[in-house]
Amino acid sequence: VDHRVGINIELKGAHTAAATARQLDLYLSASGGNWEQFLISSFNHHELRLVKQLRPQLRTGVLIYCLPLDYARMAEALGAYSIHPSCEFLNRSLVIDAHQRGLKVFPYTVNDEETLAQMKALEVDGVFTDYPELISGVGRG
């Protein structure tokens, strides 16, 4: 993608953090890219902590499929860049809490205009979607 697009890499299982860090090392040394173009996310918060320990310069995003009692506190404790909550559970309190903690909010999976409008009303920072054409005008004014 010629270093023009951010790339989210989701760690899907146990023991994936170290291998992902090594692969990114190889890719970046060969391509001349930079760490900021990558965002590593996972439901496995232990793997996120490990990848952050191995490569502190990586941005991490905490995937959430619930409405945590402590809102975004666990993401802050992990040194995360962002939270990635399911749009099913996202509410204004979670967005406000995350923003007050300096975290970005990128809900998933926003695949229709109605949900996109709801997410915009909550003032999220971006969304994950299976249909990029749905959001092609978002953020341009």
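According to my numbering, the stretch in the sequence shown is residues 63 to 203, in order. Quick reminder that beta carbons are idealized off the backbone N, C-alpha and C, glycines included.
Go ahead and label residue i buried or exposed: buried means 16 or more other beta carbons lie within 10 angstroms of its beta carbon, across all protein chains shown.
i	result
Leu131	exposed
Leu86	buried
Leu88	exposed
Ala76	exposed
Ser91	exposed
Ser104	buried
Could you name the residues that DSSP lists as bridge partners for residue i?
i	result
Asn96	Beta-bridge pairing links Asn96 to no other residue.
Ser103	Glu72, Gly123
Ile145	Val124, Val167
Whose C-alpha, out of the options, is nearest the C-alpha of residue i?
i	options	result
Leu116	Arg84, Tyr127, Asp174	Arg84
Val167	Glu175, Glu176, Ser155	Ser155
Ser148	Val67, Ser91, Gly123, Gly141	Gly123
Phe190	Leu90, Gly75, Leu178	Leu178
Val113	Tyr133, Ser93, Gly94, Ala81	Ala81
Asp174	Tyr193, Leu165, Asp159	Tyr193
Phe7	Cys128, Met136, Ala142	Residue 7 is absent from the model: the chain starts at 63 and stops at 203.
Glu195	Glu185, Gln180, Val172	Val172
Thr78	Arg66, Leu184, Asn153, Asn106	Asn106
Ala134	Arg111, Ser198, Ala160	Ala160
Pro118	Val67, Trp97, Ser144	Trp97
For the putative contact between residue i and residue j, defined by C-beta atoms under 8 Å, what is the C-beta separation to the nearest angstrom?
i	j	result
Ile126	His108	Not quite, the Cβ-Cβ distance comes to about 15 Å (not below 8 Å), so this is no contact.
Leu140	Ile102	The Cβ separation is near 11 Å, so there is no contact.
Leu165	Ala142	6 Å
Val157	Glu185	6 Å
Do residue i and residue j have their C-beta atoms within less than 7 Å of each other?
i	j	result
Glu69	Gln99	Note that residue 69 is Ile in the sequence shown, not Glu. Contact flag set, yes.
Arg163	Glu138	yes
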